[in-house]
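There are 2 protein chains.
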Amino acid sequence: VCVIVFFSTFLTGHRAVYIGVHVPFGKQGRRRHRHRGHRHHRRKKEKETDREDGRESPSYDTPSQRVQFILGTEDDDEHIPHDLFTEMDELCFRDGEEYEWKETARWLKFEEDVEDGGDRWSKPYVATLSLHSLFELRSCILNGTVMLDMRANTLDEIADMVLDNMIASGQLDESIRENVRAALLKRHHHQNEKKFSNRIPLVRSFADIGKKHSDPHLLERNGEISCSVQFVLTCYIIKNFVIEFMLTNALVPVPTRFLFLLLGPAGKAPQYHEIGRSIATLMTDDVFHDVAYKAKDRNDLLSGIDEFLDQVTVLPPGEWDPSIRIEPPKSVPSQEKRKIPKFPNGSTPTGETLKEEGHHAGPELERTGRLFGGLILDIQRKAPFFLSDFKDALSLQCLASILFLYCACMSPVITFGGLLGEATQGRISAIESLFGASLTGIAYSLFAGQPLTILGSTGPVLVFEKILFKFCRDYGLSYLSLRTSIGLWTAFLCIVLVATDASSLVCYITRFTEEAFAALICIIFIYEALEKLFHLGEVYAFNMHNNLDRLTLYSCVCSEPQNPSNETLKAWGKMNKSVETIAWSNLTVTECLEFHGVFHGSACGHHGPYIPDVLFWSVILFFTTFFLSSFLKQFKTKRYFPTKVRSTISDFAVFLTIVIMVLIDYLVGVPSPKLHVPEKFEPTHKDRGWFIDPLGGNPWWTLLVAAVPALLCTILIFMDQQITAVIINRKEHKLKKGCGYHLDLFMVGIMLGVCSIMGLPWFVAATVLSISHVNSLKVESECSAPGEQPKFLGIREQRVTGLMIFVLMGLSVFMTSVLKFIPMPVLYGVFLYMGVSSLKGIQFFDRIKLFGMPAKHQPDLIYLRYVPLWKVHIFTVIQLTCLVLLWVIKASAAAVVFPMMVLALVFIRKLMDLCFTKRELSWLDDLMPESKKKKEDDKKKKEKAVICLFFSVDPSVVNISDEMAKTAQWKALSMSTENAKVTRANLSPEKPESVKINVEDSPVVKYVDAETSL
Amino acid sequence: VCVIVFFSTFLTGHRAVYIGVHVPFGKQGRRRHRHRGHRHHRRKKEKETDREDGRESPSYDTPSQRVQFILGTEDDDEHIPHDLFTEMDELCFRDGEEYEWKETARWLKFEEDVEDGGDRWSKPYVATLSLHSLFELRSCILNGTVMLDMRANTLDEIADMVLDNMIASGQLDESIRENVRAALLKRHHHQNEKKFSNRIPLVRSFADIGKKHSDPHLLERNGEISCSVQFVLTCYIIKNFVIEFMLTNALVPVPTRFLFLLLGPAGKAPQYHEIGRSIATLMTDDVFHDVAYKAKDRNDLLSGIDEFLDQVTVLPPGEWDPSIRIEPPKSVPSQEKRKIPKFPNGSTPTGETLKEEGHHAGPELERTGRLFGGLILDIQRKAPFFLSDFKDALSLQCLASILFLYCACMSPVITFGGLLGEATQGRISAIESLFGASLTGIAYSLFAGQPLTILGSTGPVLVFEKILFKFCRDYGLSYLSLRTSIGLWTAFLCIVLVATDASSLVCYITRFTEEAFAALICIIFIYEALEKLFHLGEVYAFNMHNNLDRLTLYSCVCSEPQNPSNETLKAWGKMNKSVETIAWSNLTVTECLEFHGVFHGSACGHHGPYIPDVLFWSVILFFTTFFLSSFLKQFKTKRYFPTKVRSTISDFAVFLTIVIMVLIDYLVGVPSPKLHVPEKFEPTHKDRGWFIDPLGGNPWWTLLVAAVPALLCTILIFMDQQITAVIINRKEHKLKKGCGYHLDLFMVGIMLGVCSIMGLPWFVAATVLSISHVNSLKVESECSAPGEQPKFLGIREQRVTGLMIFVLMGLSVFMTSVLKFIPMPVLYGVFLYMGVSSLKGIQFFDRIKLFGMPAKHQPDLIYLRYVPLWKVHIFTVIQLTCLVLLWVIKASAAAVVFPMMVLALVFIRKLMDLCFTKRELSWLDDLMPESKKKKEDDKKKKEKAVICLFFSVDPSVVNISDEMAKTAQWKALSMSTENAKVTRANLSPEKPESVKINVEDSPVVKYVDAETSL
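Protein sequence lines correspond, in order, to chains S and W. Sequential numbering of the first sequence, starting at 1, is according to full-length UniProt numbering. Sequential numbering of the second sequence, starting at 1, is according to full-length UniProt numbering.
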């Protein structure tokens, strides 16, 4: 004889308690939304009211339809579903004879077991149930007594009501009533309690849960997790009767809504444990949980179970080991579709179809047709975020980002300045570069459309300046003035481009172009980092053929050149010192070079003495920096230390590395090359000031002719700026504040003009630095329920990091005393790290890797499911060829035309439409992230299959779940239960005295008045 | 109207064909075994024959019982189950109008889909089914026509018979017969075919499978995979009739046994696809597959499905994304238990309970009580393997192992010799060490009980020799002679230990002791590798305060000491050269040191000139070696290159690294310290020969007194030898040829005597080298079915690697020209690698890691489930304390007593019984591998739960699966099918003309004569 009692207590005093702890209506906003979805369905249901009456005979309703109908009923105040915390308790011996209810598992979203003996919570895992137990559970609910909407005051009262009901229906013998009652009211022991106490056990354990997982996300949702389910499960013989209860109870202040009690013979302990896990897992199911709240009778619950069964995934016994605990997946598909009925045409009535956002299909890139229309829209779009752009920066992560990128940006700016200084004979050098970068950067960070972009110097600009300077010197023109006029023209043209919404052309830059460009820039970055290291090998030459035994004989001394060249003689002539008076062998390296001396000795290299240790030390610094920063960055995913510590270490990874390496370098003392920052804020060249006349000494027509090179510059700047902006704004980054291509270009144009007038270098978006910036500001969700995987939420979009980086850069002049300790190899190591980490997520490299993999080892990339491998390879080869060509151009003298060549990529991509189908290209070349694609996989597959056949017959008409629901009535079950009873009656009752236990004091349950409704 | 036809063709001519391809009875051996298990059950069944007659009304049988009964029936020759290859074909359009059957998925053990578009096979994955489709499948079999044991000649014939049957039963309209027939006989397109052909498609595709996965494992089982299942699935409207076929067919030479055909409306394509996957997965299930072979009627099949359903694991929809393809697990629990009926007392009738092997419980360690009893048993046990010990070495892996360990062993032996030479003033030095190691190693490898152990030199021996030499010098005794007599005593004592089976005491060495020892040795190994590197920093001092500008002024020249010390004057006196004639400033470093000159100059360190570059270059070599060898070793698990290439690279990892590093070092040219091997084979000291007189010049009583230190030596050697042997013989290594502790010790003792007489150092088992040796010989299974994970099979047990390592070592004297290129830092890097890799798998370190992890991040280690965390921590702390104490002893002057202290660990472990329960210790301290424990997890859990309650009622009496089987009769189903028919009849037939297709030529099916039996 199975007896099941099901209670749902909804009480008048109850609501007040809820308000007291700020809980009950937190979820209403979300639920309203669902109602909208149901409105249509309800209307339909209203028409066929006869059907609603026919609920008890579900011959035509599938469980799914029934569930949808149940969920469609109006929420009354008492039946609002809340998020649940579920726990399972088992009646157990403890300290010899005494019973108690011991918590053995809990659920927030995933299952956590008490590892008894281990005395701790297991890792959260996906509850793998056996179908067998689910059927057993179904049988329990089918045959037991279900009591809904019971109004009870205390647990004692509930127990009494249940027992009354059972005895009245003849399911329980009056004689053992007291024993059962005593067992029901035994005290509860919770895993987190040190001592047992059944005062407010649930509250305590719930508080623990809250404490353990108190993150912003959970706090936000705190209002929702206001109910808890208490599952009490045990195995217990009472004169051979199997007694199964399902109870709802309200314990204050955390109300207990549902109570499922299962009593039975001892031998069934593992079986009952599995049934308990099944009902608990059901309660964590979004749909069944709502059904449980709204159920009006036993059949509603059965429908809920059937609907659940209809949705489960099954693992075959021979292919899976059920004892493996499955880690919670990265994401779980939404269960909302189960709640919404399908219309005959297969569409959902919500009308909320997912907006299929195309590539760059945002409003940002629509052509307005008005002058400055795009710019105005950009400003309108970004203005409301301006304040939050500063408030959102209140995070330690931003500080980490500032320190990292400040260190990373300094060196390229200074190096660029140095190279420019060499090229222009000191007209524009390090200090101008630093000042220009700082000025442009500050203005850009404050007002640009996408302040996450970091501005920097680019190779093509350097090449252009070189050519220009050479031209000016050859034709006797004033370089700075001509440069200024070109700059002003360029700025003007940029603004013309802004005015005409030219940035909307950006939408032609597809993933193909974008990735080829990004890959190239990253590779160049890595290449340059390594090249700089190799370059150190030339500067710091070491003696390859040292004979350690002869070290005493080694030296490299300065000496007078024996046959001084003409140049040397000339130099000597210029000196105000007589050559004869020079004590050659006492000269230092610099002096020797100054006096054109000759190095002589076995320790001399080509350009001076061999320099010991520096090169190898630099190599050590370089690679240690790279590996250490990579290691610290990945520290987030390690198991050690609390999450907070790990994520902080991860955020500060690069800065920490730099600090550590500077310290080590200082301690070891090897004179490795250091970062040199100009110490004074004044123009490098004495002939120039901070403002340059665009005409200067040049003829007037140069002002007009300057427009021609300006055109080239404009393309150069437009391409570099916008393609980087596209990379930063890509969908994978989940930016929420929108982009602003027009505003970006406008700011760049304006600052280009300013820089030109002030004789400073020009700056545009720097790809690798910008990607590193974005990567350093990634925000991941902290898990809300135990076991939920952290999700990438987006980027910390704000203006402060960019601003501070460039403010600090401007102030660098005053920080030389600190900066001079930073070894250059460390910074090169940081570049290598940035280059390598920027390569992540570039599909192009994944595809290149495929070349080296046998087909069976290839990862399950989504595009490989739909595009033949050889076509993927062809696509990769084309892209690779483009990349190599681009590199050749960039490395050659024609580097200035590089941006134009990037433009060519767009056309090549266009040509590829000829040899690839549109479907193939959609898989290989768009911006959808992998994960999203996989979700749509199934959908598309179905569509495809339908296309592959010829008819489209409504699949909802012949619904086998209908049949299952009917078979699932299990008419034979009562008979089998009778059989079971007979079998059990043959067993002799063992140790019946163990049933006799003292009645413990009942748990404190208040503010509840009783009123049984069933 | 659903029609299902089920055929099983078993033919007279058939058997001859089987024999022709050597396939059919390959599995019989294994199957006989199962019969034994069933004998009991059959006898029971024979008694209740009335029950067998009652098969058609399964009211009392659970599906599980029915399945067990079906499997218990006698195998007749026609119904022997074979391993199956299953494929699913879907009827599809291709090239416009034409139909064909396209292969869309296949199963050997796991599912592989044709990724259409992708045009390739997916990765094998665990087939996650929906319960819904499984129910639909059940409904198909319940309502369709099942034709078993059909005897047909060709596919045409089968089609005709099926159609006849359907038309006769009124399930198919005569008018569309020809269309259906044509569809059935359409040609088949297989994924691996370039052109379509329906000649022998199955053969070809099966051959492909065989080729792809042709590994020794599969070849062995080749006889078993002799059948294939062809699933033909499509969606197809024929005048609104749903027609579902299940066919068995035999195609030659690979017979097709089962054919499941499902025809239905186009809209149901995805649904039917899922049903197809369900039946295919069922067919890969061990139990259902046997049931399908033996089924006598429809109900048997239904029971098979129900039994399968009863065993499945269910994933709740809200916690899992069904589109995730689950990787096949490492291992799958055996399904045999499902085939064997349980007796009422819950035991299985096989009688084959798993032998619970305790720790070291093998016969090797039992005390015989006879003189040399253990040794004789060891020899008897190992002798039969002696030949295979050489044959088994025929593998590239062994070559890799030889090269790796030769390089690894050389340096310690030579270093040890050098240190011994220093300690004994050249009495015993490098060449003796090399010779002794080679001699002992060869003898040991040839005749020892465990030839996987590598002998080497140990610290305590060195300390002992030092003390002995000092003692002899102080008391004027002949060191070599005294040493020889001690050695001979030690050898004698060792043999006494062998004679008394003392090695059986090894069983007291538990995991606790073993891991503490192994951890200590590994840490010391790592520490020493790093220490040696640091030591280089002293030898190769660099100038920490270089001023690069003043490099021209730096030098370090030899000069005459201004105030020569007495010692110096004495040395000068000895020289046959006048001090005045020495050109001090022209002296090299060696000469300067020889003449007691003084180094003078700004480039001088404490002991001579600063040595540039060497130290930093050594650091680079050291770490590069470590990381490169680790990287190459892990290459096995990468995705690139074919498996063969990867595993070869992985095997040769260390040797490859050494070769690469030697080349790089040679090219860079920095004079890093190199390995110096003695060039001549002669005793270092001129006063000694190769044979030493045990008495020599010593008084006669030294021969007797020598027994006292010999006692110490014996313990020292016994402990070092046996604990390493325990580590090598641990169960995790899955050794198959057994161990031989007595024989090991015997060989060590004998060789110790030989070495003593020849004046060579003593050698015992070296822990880290031995572990590295074992690790380098690991054998993993190649996967047999696609998707099966490789399993660790064992160690390549043989004598050749050990032998060759020591033979090469002996020949090293003649290879100096090559060996002198090997830089020492590279070898130190190899030591670091060996130390670190030997740490793997030591549970102790896993437990130490737990200290740094918050509880929620801790891995799911099996012992954490059963032992409270704080107790685990206490256990770890005790072990750690022991380890630290041991280290202190080893590092101190008392190093000689170190082996005794290891013995003390055993007693500490014994004491721990007081504060830990036996159960806790069984989890923390035994040799069972993790994986095995997890399997037993469930079992123990159940037992525990039963213990926690009081009664043991037979759980098999009330079996809910009985109820499920009855409900699963689905009485309502026929009604619902009727309903579906009515609904469908309302739909207009769409495009009925598409049914009209040409009849293709039928597949070639021969040697089969027809005889329908149903």
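Just so you know, even glycine gets a beta-carbon here, dropped at the ideal spot from N, CA and C. As the structure is a computational prediction, the values presented were derived from the model and not from experiment.
Residue i, enclosing beta strand (DSSP E) - first and last residue
| i | result |
| --- | --- |
| lysine 778/W | 778-780 |
| phenylalanine 792/S | 792-795 |
| valine 114/S | 111-115 |
| residue 1016/S | No information on residue 1016/S is available, as it lies outside the stretch 1 to 1014 that chain S covers here. |
Residue span of the alpha helix (DSSP H) that contains residue i, given as start and end
| i | result |
| --- | --- |
| histidine 773/S | 767-775 |
| cysteine 749/S | Reading off the sequence shown, one finds glycine at residue 749/S, where the question assumed cysteine. Where glycine 749/S is concerned, the enclosing alpha helix (DSSP H) stretches over 741-758. |
| histidine 289/W | 286-294 |
| threonine 581/W | Element bounds for threonine 581/W: n/a, residue is neither H nor E. |
| phenylalanine 599/W | Taken as a continuous stretch (DSSP letters only), phenylalanine 599/W belongs to no alpha helix (DSSP H), being part of the beta strand (DSSP E) at 598-600. |
Supposed close pair residue i, residue j - CB separation, criterion 8 Å
| i | j | result |
| --- | --- | --- |
| glutamate 136/W | isoleucine 275/W | 5 Å |
| leucine 793/S | valine 779/S | 5 Å |
Coarse secondary structure for residue i, derived from DSSP in three states
| i | result |
| --- | --- |
| valine 332/S | coil |
| leucine 263/W | strand |
| glycine 537/W | helix |
| residue 1041/S | It is not possible to answer for residue 1041/S, since the shown part of chain S is limited to 1 through 1014. |
| serine 401/S | helix |
| cysteine 558/W | strand |
| residue 1015/W | Given that chain W is displayed from residue 1 to residue 1014, the structure contains no residue 1015/W and the question cannot be resolved. |
| proline 609/S | strand |
| proline 671/W | coil |
Residues near residue i in its chain [Cβ-Cβ closer than 7 Å; skip 5 each side]
| i | result |
| --- | --- |
| proline 694/S | Ser481, Thr484, Ser485, Leu488, Leu703 |
| proline 561/W | Thr568, His596, Gly597, Val598 |
| alanine 710/W | Ile486, Trp489, Thr490, Leu493 |
| alanine 159/W | Arg181, Leu184, Leu185 |
Burial state of residue i, where buried means 16 or more other Cβ atoms lie within 10 Å
| i | result |
| --- | --- |
| phenylalanine 258/W | buried |
| arginine 847/S | buried |
| glutamate 90/S | buried |
| glutamine 634/W | exposed |
| leucine 309/W | buried |
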